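Each residue of the sequence shown is one higher than the one before, counting from 1 in the UniProt record's numbering. We put the CB at the ideal spot given by N, CA and C, even for glycine. As the structure is a prediction and not an experimental result, all values here were calculated from the model. Before any comments, here is the structure.
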Amino acid sequence: MSFSLQAIQDNFVPHKKEDFIYTYGTAGFRSIADVLDSVMYKVGILATLRSKKLGGATIGVMITASHNPEQDNGVKLVDPRGEMLEQSWEAYATKLANSKTPETLAQATEEIIASQKINVDQPANVIYGFDTRPSCPELVKNLESGLQASGAETKNYGLLTTPMLHYLVRCLNTAGTSDAYGEPTAEGYYHKLAEAYKTAVKGFTRLSTLHVDCANGVGAPKLREFLTHLSEDVISVDISNDQITTQGALNKNCGADYVKTNQRAPPNVKIQPGDRFCSFDGDADRIVYYYLGSDQTFRLLDGDKIAGLAAMFIMDLVNDAGIDSLKVGVVQTAYANGSSTNYLEKVLKIPVSCVSTGVKHLHHEAEKYDVGVYFEANGHGTVLFSPSALNTIKTTEAKTPAQNRALQQLAALTELINQTVGDAISDMLLVETILTNRQWSPEEWDQAYTDLPNRLAKVVVADRSVFTTTNAERQLVSPAGLQAEIDAIVAKYSQGRSFVRASGTEDAVRVYAEAATRAETDELTYKVAQAVYDRGGGVGARPLMS
Ligand code: 16G
Ligand code: MG
C-alpha cells in the first residue's frame with residue numbers, strides 16, 4: 001500500500017464539535033467518546049508516519065480510557081519496544097488532532113514528514129487493540145480508515161488489556177533477534193507468565209484464595225483466560241466485577257481508582273478478615289491490594305507498598321545470589337507516602353529517585369538502574385531489568401544450592417514481570433510470588449511501615465496552566481509567591497508535606513498533603529487548598545474543610 005496525501009484528504013473525518021481542543025496528554029488523547037472519531041482517523045495517520053520513520057517497525061495503538069467512566073474513551077500510541085510514544089511526537093499528535101479541514105490536515109502531515117525527514121516509501125506496520133467500552137467498535141472503524149488512507153499494513157488484535165498490547169508490540173519487533181521477547185499472541189503472553197509463575201512458587205505451599213475485582217473491564221475475561229494455564233493447586237483466584245456487557249458498569253463503584261481514591265473496598269465486594277483482595281482498573285494496567293485488619297479497619301496496600309515489597313524481595317535475592325554489584329533502585333513520584341520513601345532509603349538502604357507524574361517519566365528513570373522498581377502510589381508500575389542485569393542473572397555460576405535457587409528465582413522474575421509497562425495481571429503474580437515465598441498474609445506484608453495519613457484535594461481554577469512546577473512537581477514556580485506561602489503553612493505541622501500541581505487529565509489543580517496525624521493532615525490540606533484558591537484564581541466555592 002502506498003502513501004497518498006490525496007487519500008488522506010479524501011477520507012477526512014470531520015470534527016463533531018468544532019470548538020473542541022484536543023491534547024495528547026499524559027496518557028494519550030482522552031475525553032468523552034462522542035468527539036473522538038476524528039481523532040482516531042488522525043492517530044491512524046500518525047501511527048503510520050511513526051512506523052515509516054522507524055523503518056517499518058511495528059507501532060501499537062490502544063483504544064481505552066482506563067479508569068475513566070464508560071462514556072469516555074481515549075487512544076494512545078505504543079513505540080517499538082513496547083514503551084509509550086516518544087515525548088517529542090506528542091506535539092505532532094496534538095497538531096494533527098486539531099486540524100479541522102482536509103487541507104490543514106494534509107499540511108500538518110507534510111510538516112511532520114519534512115521536519116522528521118520521513119521517507120514515505122518506507123513500509124508501515126501498525127497493530128491495535130481496544131477495551132470493553134461500547135464506543136470502541138465505532139472508533140476502531142475511524143482508526144482503520146486513517147491507517148488505510150495512509151497506507152499501513154495492519155493487524156487487529158481485538159479485545160486486549162493495555163499491557164497485552166505493549167507486550168505484543170515488543171514481541172513483534174524483537175522476533176528472531178537475541179532479545180526476542182515472546183510469542184506475539186495472547187496465548188504467548190499467558191504461557192510466558194504462567195510458566196514463570198510456576199517456577200517462582202515451586203516448592204511452596206499455595207496461599208489462600210485471592211479475590212480480584214476486575215472493575216467490570218477487560219481484565220476480567222483476560223484474567224479468566226490466563227488462569228486456564230494454571231491449575232488450582234498453583235493459584236486460587238476468585239473473580240468479581242466481571243460484568244463487561246452490563247451498560248454503565250465499567251469502573252462504577254469498583255476498580256483500583258475507586259479503592260485508592262475512597263480508601264475503601266467496592267461496596268459489592270464482601271471483605272472478610274483474613275482474606276486477600278486486589279482491584280484492577282478498567283484496562284488492567286494498574287493494581288492495588290487491600291485487606292481487613294484484625295481491628296476490622298480497611299487497609300490499603302497501594303503502589304508504594306507493592307514497590308516496597310518488590311524492592312525488599314529483589315534485594316534479598318540479589319544478595320543471596322551473590323550478585324550485589326547490581327544496582328537496585330526505586331522510582332517514585334511526589335505522591336509516594338513519606339513513610340514509604342523513608343522505609344526504602346533508611347531500612348532497605350535503596351536509592352530512590354523522584355520524578356514527575358506519568359508512567360513514561362518513571363519508566364525512563366527506572367532504566368537508569370540495573371534493576372529499576374517503579375510504582376506510582378495509584379498502582380501503576382513494574383520492575384525493569386537492564387540488559388546487563390539479565391546477562392549477569394543468566395551467566396553467573398552458582399557455588400551453593402542457595403545461590404542457585406536465588407538465581408533461578410531472579411530469572412523467573414525477569415519473565416514474570418512485564419518489561420514494557422505496568423501490568424495488573426503480571427504485578428498481581430509478582431505480589432503473589434513474594435507472599436507465597438515468604439508465606440505472608442497481607443498483614444505481615446503491611447508491617448514494613450505505617451503510612452502517614454494523607455489527603456488529596458482538587459481546586460478548580462480559571463486557568464490551571466499558570467501552575468508550573470519544578471523539582472519533580474514538588475515545588476511551584478508560578479503563581480509567584482504561592483510556594484513560599486505553602487512552605488510557611490507546611491512548617492507548622494509535624495512531618496508535614498504538601499505540594500500542588502495542575503492535573504494532566506482533568507481541568508483542576510491537585511493538592512496533596514500528609515502529616516503526622518489525620519487531624520493535622522486534613523487541616524494542612526484545607527489551608528493549602530485555600531491558598532491555591534486565593535492566589536491561583538479559584539472558581540466556584542472556596543474550599544472548605546470537610
Ligand atoms: C494518567 C497516567 C498516570 C498518572 C495520572 C495522573 C499513564 C499511563 N497514566 O492516568 O500515570 O498517575 O495520569 O493524573 O501515564 P493527573 O495528572 O490527573 O493527576
Ligand atoms: Mg489504566
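When you measure from the CB of Met84 to every non-hydrogen atom of the ligand 16G, does any distance come out below 8 Å? yes
Pick out whichever of Gln272, Leu77, Glu103, Glu83 has its Cα sitting closest to the Cα of Tyr92. Leu77
Beta-ladder partner(s) of Tyr289, from DSSP: In the DSSP output, where bridge partners are listed per residue, Tyr289 has Cys278, Leu301.
Inter-residue spacing [alpha-carbon to alpha-carbon] between Phe467 and Tyr512: The alpha-carbon atoms of Phe467 and Tyr512 are separated by roughly 14 Å.
Taking residue 547 as part of the alpha helix (DSSP H), name the residues at either end of that continuous run. In the structure displayed, the chain extends from 1 to 546; residue 547 sits before or after that span and is not available.
Classify Gln483: buried if its beta carbon has 16 or more other beta carbons within 10 angstroms, exposed otherwise. In this structure Gln483 is buried. Its beta-carbon is surrounded by 16 or more other beta-carbon atoms within 10 angstroms.
Inside the UniProt domain "Phosphoacetylglucosamine mutase AMG1" (302-440) only - beta strand (DSSP E) runs reaching at least 3 residues: 328-333, 352-355, 371-375, 381-385
Inter-residue Cα distance where the pair is Leu250 and Lys95: The alpha-carbon atoms of Leu250 and Lys95 are separated by roughly 31 Å.
Go through its chain and collect everything with a Cβ distance to Thr199's Cβ below 6 Å, but skip five positions before and after it. Ala412
So is the beta-carbon of Arg286 under 8 Å away from any non-hydrogen atom of the ligand MG? yes
Can you find the residues in the same chain that come closer than 6 Å, C-beta to C-beta, to Gln243, ignoring five residues on each side of it along the sequence? Asn216, Ala249
For His67, verify whether its CB is less than 8 Å away from any heavy atom of the ligand MG. Yes - the ligand MG has a heavy atom lying nearer than 8 Å to the Cβ of His67.
Rounding to the nearest angstrom, what Cα-Cα distance links Met315 and Pro387 in this structure? 18 Å
CB-CB under 6 Å to Thr174, same chain, minus the five flanking residues each way: which ones, in chain order? Ala180, Tyr181
Asn125 versus Gly28 - alpha carbon distance: 20 Å
Assuming Ala472 and Ser356 form a contact by the criterion Cβ under 8 Å, report the distance between their Cβ atoms to the nearest whole angstrom. Contact flag correct, Cβ pair sits at about 6 Å.
Smallest Cα separation from Asp79: which of His166, Asp37, Leu139? His166
Under 9 Å, do Tyr291 and Ile306 count as touching if we go by C-beta distance? no
Use the C-beta contact count for Ala265: other C-beta atoms within 10 angstroms, 16 or more gives buried, fewer gives exposed. It is buried - the Cβ of Ala265 has at least 16 other Cβ atoms within 10 Å.
Can you list, in chain order, the residues of its chain whose CB lies under 8 Å from that of Leu416, leaving out five sequence neighbours each side? Cβ within range, chain order: Leu193, Ala196, Tyr197, Ala200, Ser426, Leu429, Leu430, Thr433.
Of the listed residues Ser494, Arg464, Asp487, Ser478, nearest to residue 548 (C-alpha basis): Residue coverage of the chain in this structure runs from 1 to 546, which leaves residue 548 outside it and unanswerable.
Straight-line gap, Pro442 to Glu144 (C-alpha atoms, nearest Å): 45 Å
Sub-9 Å separation of Arg276 and Ile235 beta-carbons: no
Leaving out five residues before and five after Glu376 in sequence, what residues of the same chain have Cβ atoms less than 6 Å from its Cβ? Contacts found: Gly303, Thr333.
Around the Cβ of Asp463, are there at least 16 other Cβ atoms within 10 angstroms (buried) or fewer (exposed)? exposed
Give the straight-line distance between the Cα atoms of Arg299 and Phe20, rounded to the nearest whole angstrom. 41 Å
Under 8 Å by Cβ, that's how I've got Ala424 and Gly219 pegged, so tell me the actual separation to the nearest angstrom. 6 Å
Can you name, in chain order, every residue of its own chain whose Cβ lies under 7 Å from the Cβ of Leu435, other than the five neighbours on each side? Leu207, Trp445
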